[in-house]
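Data first, discussion second: the structure below is written as structure tokens.
Residue numbers (my numbering): 208 to 534.
Written out as structure tokens, the structure is:
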């Protein structure tokens, strides 16, 4: 289910800083930016956070003068994670520091109300259909269809494509589908029946990257989710392809079902971080893994903070505090 942000500005007076290096994800994580707006320049926010807890990542930040005495500050691609878990953001509070301590901002009407800041997601689901999974393929199709539903229900513009693979000569792909035509994609999943020996895991993942690269008219978050029960044994020049995958910046999750030729190193090579390499030891736990991954893929956030367009003599700091919970 697509997670939305409940923005709550809580009047708590001045705030103390979060720990910079906690050993685990706490009830609040944070990111801090420098903001400035002088008479001879446009409003500007630092390109990267000036400070942040180690479990938060973002993709971009911007500030624009939108008129009506308002500057809109946008922070996109926010995710919260540890080495083993991914998290949803339940609440946000925003505070500013002009050099005299942190003050929670509760005066700007656009921030005082609850607001859903959904992010469009384009996901490619890369499914291992090799012969070693023959007995499990009907269930995999069911899990894939559930995954499709959860992604396209996120926003009207969210979309999914599927890549089926076994050997390097048996890789096929669909187009991208949204909620308006997702039933057709599920039909393609249900009707797929090609299964061969060997596993071209890296080649199929590379094809998923190419699908997202070619989606040039999409402005949301792009993600690849891979499922396999074995290591790669059929990709040409595998080390070269692994390097291409690891150099890519897309959010990548890999679900691995332990089997006779399972390779945890290959699983981690596909995932974009350790917490995204998910190992399932028993087939009975596989559906839950797909459900949790769908939640992880959708748990990406955008903040649009509208503040006064006041001219400032000196830069100020803006901090976003997140209260989070496990997926």
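Each residue gets a CB set at the ideal place from its N, CA and C atoms; glycine is no exception.
Residue 335 (DSSP reduced to helix, strand or coil): Per DSSP, reduced to three states, the secondary structure at residue 335 is strand.
So the alpha helix (DSSP H) residue 490 belongs to, where does it begin and stop? Neither: residue 490 is in no alpha helix (DSSP H) and is coded neither H nor E.
Alpha carbon to alpha carbon, what distance is there between residue 247 and residue 518? Cα to Cα, the separation comes out at about 10 Å.
For residue 368 and residue 418, believed in contact at Cβ under 8 Å, the rounded distance: Approximately 6 Å separates the beta-carbon atoms of residue 418 and residue 368; this is inside 8 Å, confirming the contact.
Would you call residue 454 buried or exposed, if buried means 16 or more other Cβ atoms sit within 10 Å of its Cβ? The residue is exposed, with fewer than 16 neighbouring Cβ atoms inside 10 Å.
C-alpha gap between residue 425 and residue 329, whole angstroms: Whole-angstrom Cα-Cα distance: 8 Å.
Three Cβ pairs or more, each shorter than 8 Å: is that satisfied between the region 422 to 436 and the region 386 to 403? Because the criterion of three Cβ pairs below 8 Å is not met, the region 422 to 436 and the region 386 to 403 do not touch.
For my contact list, residue 386 and residue 360 are in at a C-beta cut-off of 8 Å; report their separation, rounded to the angstrom. Yes, residue 386 and residue 360 are in contact; Cβ-Cβ is about 6 Å, under 8 Å.
How is the alpha helix (DSSP H) around residue 471 delimited, first residue to last? It spans 471 to 477 - the alpha helix (DSSP H) in which residue 471 sits, taken as one unbroken run.
Segment limits, beta strand (DSSP E) that includes residue 430: First-last of the beta strand (DSSP E) with residue 430: 428 to 435.
Just to confirm, are residue 282 and residue 270 a CB contact at a threshold of 7 Å? No.
Take residue 352 and list the residues in its own chain whose beta-carbon comes closer than 7 Å to its own, dropping the five residues that flank it on each side. Excluding positions up to five away in sequence, the list reads 393 and 396.
Within 10 Å of its beta-carbon, does residue 347 have 16 or more other beta-carbons around it, so buried, or fewer, so exposed? Burial of residue 347 is indicated by the presence of at least 16 other C-beta atoms within 10 angstroms of its C-beta.
Is the region 455 to 475 touching the region 489 to 499 in the sense that three or more CB pairs, one from each, lie closer than 8 Å? A contact exists between the region 489 to 499 and the region 455 to 475.
Short of 6 Å in beta carbon distance, which residues of its chain neighbour residue 501, apart from the five on each side in sequence? Order them along the chain. Cβ within range, chain order: 354 and 357.
Thinking just about the alpha-carbon of each residue, which of 372, 510 and 448 is nearest to the one in residue 400? For the residues 372, 510 and 448, the minimum Cα distance to residue 400 belongs to 372.
Residues sharing a beta bridge with residue 258, DSSP: Answer is 239, bridged to residue 258.
CA-to-CA distance, residue 307 to residue 421, given in whole angstroms: Distance from the CA atom of residue 421 to the CA atom of residue 307, rounded to whole angstroms, is 48 Å.
May I have the straight-line CA-CA distance separating residue 264 from residue 252, to the nearest angstrom? When rounded, the distance between both Cα atoms is 16 Å.
Quick one: residues in its chain with C-beta nearer than 6 Å to the C-beta of residue 404, no 5 flanking neighbours on either side, listed in chain order? Contacts found: 338.
Identity of the residue in 507, 471, 411 and 379 nearest residue 427 by Cα: When only C-alpha atoms are compared, the closest one is 507.
Once you ignore the five residues that flank residue 516 on each side, which residues in its own chain have a CB closer than 8 Å to its CB? Contacts found: 244, 250, 272, 276, 277 and 278.
Measuring only the C-alpha atoms, how far is residue 449 from residue 345? Cα atoms of residue 449 and residue 345: separation of roughly 29 Å, rounded to the nearest angstrom.
Residue 453 - DSSP class collapsed to helix/strand/coil: The DSSP-derived three-state label of residue 453 is helix.
Given this structure, state the Cα-to-Cα distance separating residue 256 from residue 375, to the nearest angstrom. If you draw a straight line from the Cα of residue 256 to the Cα of residue 375, it is about 42 Å long.
Check residue 379 in the structure and name its three-state DSSP category. For residue 379, the three-state secondary structure derived from DSSP is strand.
Residue 341 classed as buried or exposed, judged by whether at least 16 other C-beta atoms fall within 10 angstroms: Classification of residue 341: exposed, given that the 10 Å Cβ count is below 16.
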